[in-house]
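The numbering used here applies: residue 84 is where the sequence shown begins, and numbers increase by one. The C-beta atom is built at its ideal place from N, Cα and C for all residues, glycine as well. Contents: one structure, followed by commentary.
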Amino acid sequence: MDYQAPERDAQFIMHDLFQVESVWSEIPQLQDISPDVVNAVLAEAGRLASEVMLPVNQSGDAEGCRWKDGEVTTPAGFKEAFKQMADGGWLSLCGNPEFGGQGMPKSLGCLIEEMFWAANSSLFLYGSLSVGASLCIDAHGTEAQKRTYLEKLYSGQWTGAMALTESHAGTDLGIMRTKAEYQADGSYAITGSKIFITSGEHDLAENIVHLTLARLPDAPAGSRGISLFIVPKFLPNADGSLGPRNGVSSGSIEHKMGIRGSATSVIHYDTAKGFLLGAEHQGLAAMFTMMNYERLSVGLQGLGATELAYQQSARYARERIQGRSPTGPQNPDKAADTLLVHPDVRRMLLTQRAYAEACRALGFYTGMQLDRAKFAADAQAAKIGELLTPVVKAFLTDRGVECALLGQQVFGGHGYVQEWGMEQIVRDARIGQIYEGTNGVQALDLVGRKVMRDGGQTVVELIAEMRQTPVKSNWQSQFDAACDRLAATTESIVRRGQKDPALPGAVSVDYLDMMGNTLCAWMLGRMAAVAPADDFGAAKIATADYFFQRILPKTEGLAAAIEADSDVVMKLPEAAF
Ligand SMILES: Cc1cc2nc3c(=O)[nH]c(=O)nc-3n(C[C@H](O)[C@H](O)[C@H](O)COP(=O)(O)OP(=O)(O)OC[C@H]3O[C@@H](n4cnc5c(N)ncnc54)[C@H](O)[C@@H]3O)c2cc1C
């Protein structure tokens, strides 16, 4: 497998499409970040991805993780590669400078995370959980907690984990049972078991910081009665050094379809010592700081799969000769033409390419909203960032699986066997649709929470922004029509959803798909409008042309499907299933 980080594309998105330097120049904490620094950071991240992380991707999948007596051994080479990631400062990139973070913008972080996910999603999971845990402690921790944990997490000396799921409580966290009891010393004793905990146990770092949801004895029922605790594997001494082993242990690890280099653990808490993070009973809200980070990051995992699959299949299609062009032989001296002469192979490659480019820009745009919210207290940007988080998580991971499958298809039978790595990309991409809240639940979050709650107002505001930024002129009328369609569909869902409680859930996945595709058209149309007059720019325009003519029209079908009443999915009685 080969991987070339899309550096040129990332630079184009930052400097030409969004002109971030002018945005950052108005934000004191970001105004000193020069284009040269940004380009150097992208280049170094790309090198780490392709030269350090990628080489242990296929071997890590083949070897997997091993569990013995509560300890987990990660695949050969993971320790060294993780150390290089940590020593390079990649886990502290967007961290709080007061505690050793580098304070870089999230938008830049999005471009870099994509590279790490593409090169080795199992390995980057250990890093991603650490970044999310440090974000959560920074947002909700006491001064002392920040001092104890942040520097260690930023440096990779310790790693993070998020422990929500129990065997009977996945999506419905309100019914979880893990309990927390007050202790005389101000800590809490945590008892219970969690399942499916990513990076819950491993050998890459000396300590693991489990951010754990549990219920206090006097807690109200449901999701309003959950508190969040820091439960370290080794209890830190007052000077920050490692103290005694805590009562938290791995019971086993899962045997999985993909991401086999990532250890997914059952975690037992045997009156483990926990420290309250944030306020009592407010744990789920605090955990959302980590979950929202992870959701955006998992979306980028989907984008990484799309890009990785595209690069493999484009190269294969250039080299593999099979059949003749419909317009006559293109390589008369050879036994056959390359796969690239076949219109259907081009359809598959262009779909992957269009989604990779559009989703990269969409991820960056979403990161920019979070930057504005964080550094400039911009409430409107915060609202758009919240609206787009479930879209990025679900749409990008759905496209990741679709494009991994397309890549596999370009390889024919060679995509099905292990040798070329295409079946691994499919297996690794699939989890993105399931964890961090299934994509069905993301769609429900989008429609049920974000759209219904404000009567579609934030979507209307986003569409207003979309209409203000020109796309390439020949596509402007199609784009205006797509915006009209999204606005009308949003209004229809809000109106019908007020009378029919089943309606949002019945149409939410199609609506998220429609919104994602309309946003992709916006990104590709804008990129085509500012494309340079060279081969790079011509390819941008050709990719946008393909998307506007072959993919955007699918939103018309989605709009029609969304007009169906919820009755169509609800009327079959339970007994008939
Ligand atoms: C490899 C892996 C790693 C993971 N890592 C972590 C981790 O680090 N930490 C952690 O806490 N968890 C982790 N998880 C758990 C993961 O987040 C859950 O599996 C996921 O949220 C779904 O929960 P569930 O499996 O219980 O499915 P269920 O909640 O039982 O859902 C089953 C189906 O019903 C649908 N559904 C359920 N409720 C609703 C609803 N209200 N409305 C509409 N549809 C609904 C779902 O969309 C899904 O299709 C991991 C899981 C895996 C497989």
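Backbone secondary structure at residue i - three-state DSSP
i      : result
Gly403 : The sequence given here has Arg at residue 403, not Gly. Coil at Arg403, not helix or strand.
Leu176 : coil
Pro118 : helix
Pro221 : The displayed chain sequence assigns Asp, not Pro, to residue 221. Helix.
His497 : helix
Asn557 : helix
Pro138 : helix
Phe199 : helix
Arg260 : coil
Ser649 : coil
Phe95  : helix
Tyr86  : coil
Phe312 : strand
Glu127 : helix
Ile291 : strand
Arg343 : coil
Glu363 : coil
Glu181 : helix
Gly305 : helix
Glu249 : strand
Limits of the beta strand (DSSP E) - the one that residue i falls within
i      : result
Lys637 : From DSSP, Lys637 is part of no beta strand (DSSP E) but of the alpha helix (DSSP H) over Lys637 to Ile645.
Pro319 : Phe317 to Pro319
Thr347 : Thr347 to Leu359
Gly283 : From DSSP, Gly283 is part of no beta strand (DSSP E); its letter is neither H nor E.
Val106 : No beta strand (DSSP E) contains Val106, which is instead part of the alpha helix (DSSP H) from Val103 to Trp107.
Lys151 : Arg149 to Lys151
Gly334 : Val331 to Ile336
Glu154 : Glu154 to Thr156
Pro675 : Lying before the first or after the last residue shown, residue 675 is absent from the chain, which here runs from 84 to 660.
Boundaries (first-last residue) of the alpha helix (DSSP H) holding residue i
i      : result
Met665 : The requested residue 665 is not part of the displayed model; the chain covers only 84 to 660.
Ile634 : Unbroken run through Ile634: none, as it is neither H nor E.
Ala439 : Pro426 to Ala459
Met245 : Where Met245 is concerned, there is no enclosing alpha helix (DSSP H), although the beta strand (DSSP E) it sits in stretches over Trp241 to Ala246.
Asn522 : Asn522 to Leu527
Val695 : This structure cannot speak to residue 695, because the chain is shown only from 84 to 660.
Lys235 : Glu226 to Ser238
Val548 : Correcting the residue type first, residue 548 is Glu in the shown sequence and not Val. Its alpha helix (DSSP H) spans residues Gln540 to Gln551.
Glu502 : Counting along the chain, Glu502 falls outside any alpha helix (DSSP H), and DSSP gives it neither H nor E.
Gly620 : Asp618 to Tyr629
Ala169 : Phe161 to Asp170
Rounded C-alpha distance that separates residue i from residue j
i      : j      : result
Val500 : Asn203 : 19 Å
Ala622 : Tyr518 : 35 Å
Pro296 : His364 : With the sequence shown as reference, residue 296 is identified as Leu, and Pro is not the correct amino acid for it. The alpha-carbon atoms of Leu296 and His364 are separated by roughly 10 Å.
Thr274 : Ala444 : 44 Å
Gly172 : Met606 : 31 Å
Leu206 : Ala302 : 37 Å
Pro118 : Glu197 : 20 Å
Val554 : Asp650 : 39 Å
Ala604 : Ala570 : 15 Å
Gly366 : Gln452 : 25 Å
Pro180 : Asp170 : 16 Å
Arg260 : Pro300 : 11 Å
Ala658 : Ser213 : 45 Å
Leu527 : Arg307 : 20 Å
Trp558 : Ala565 : 11 Å
Lys47  : Leu174 : Outside the displayed span of the chain (84 to 660) sits residue 47, for which this structure offers no information.
Ser282 : Gly539 : 38 Å
Val592 : Asn522 : 8 Å
Ala246 : Gly496 : 40 Å
Glu127 : Ser133 : 10 Å
Thr601 : Leu635 : 7 Å
Thr231 : Ile313 : 11 Å
Met653 : Val590 : 12 Å
His251 : Ile280 : 14 Å
Short CB-CB distance (under 8 Å) between residue i and chain D
i      : result
Arg443 : The chain labelled as chain D is not found in the depicted structure, where only one protein chain is given.
Point to revise | Given 8 Å, three or more beta-carbon pairs between the region 644–660 and the region 564–583 | key: yes
Practice item. Check whether the region 384–392 touches the region 503–517, counting contact only when three or more Cβ pairs, one atom from each stretch, lie closer than 8 Å. Key: yes
Exercise for review: Answer yes if the region 414–423 comes into contact with the region 152–164, meaning at least three C-beta pairs across the two stretches below 8 Å, and no otherwise.
Suggested key: Flag = no, the region 152–164 and the region 414–423 do not touch.
Practice item. Please confirm if the region 93–102 is in contact with the region 435–449, defined as three or more CB-CB distances below 8 Å between the two stretches. Key: With three or more CB-CB distances shorter than 8 Å, the region 93–102 counts as touching the region 435–449.
Exercise for review: Decide if the region 390–401 is in contact with the region 330–348; the criterion is three or more beta carbon pairs, one per stretch, under 8 Å apart.
Suggested key: The way I'd put it, the region 390–401 doesn't touch the region 330–348; fewer than three beta-carbon pairs between them come closer than 8 Å.
Check your understanding: Is the number of C-beta pairs between the region 459–469 and the region 612–628 that are closer than 8 Å three or more?
Key -> no
Review point. Touch check for the region 182–192 and the region 488–495: three-plus C-beta pairs under 8 Å?
Key: Taking 8 Å as the limit for Cβ pairs, the verdict is that the region 488–495 does not touch the region 182–192.
Exercise for review: Check whether the region 315–330 touches the region 342–357, taking contact to mean three or more Cβ pairs, one atom from each stretch, closer than 8 Å.
Suggested key: yes
Check your understanding: Is the region 338–348 in contact with the region 131–145, if contact means three or more CB pairs nearer than 8 Å?
Key -> yes
Practice item. Please determine if the region 217–233 and the region 372–379 are in contact, where contact requires at least 3 C-beta pairs separated by less than 8 Å. Key: yes
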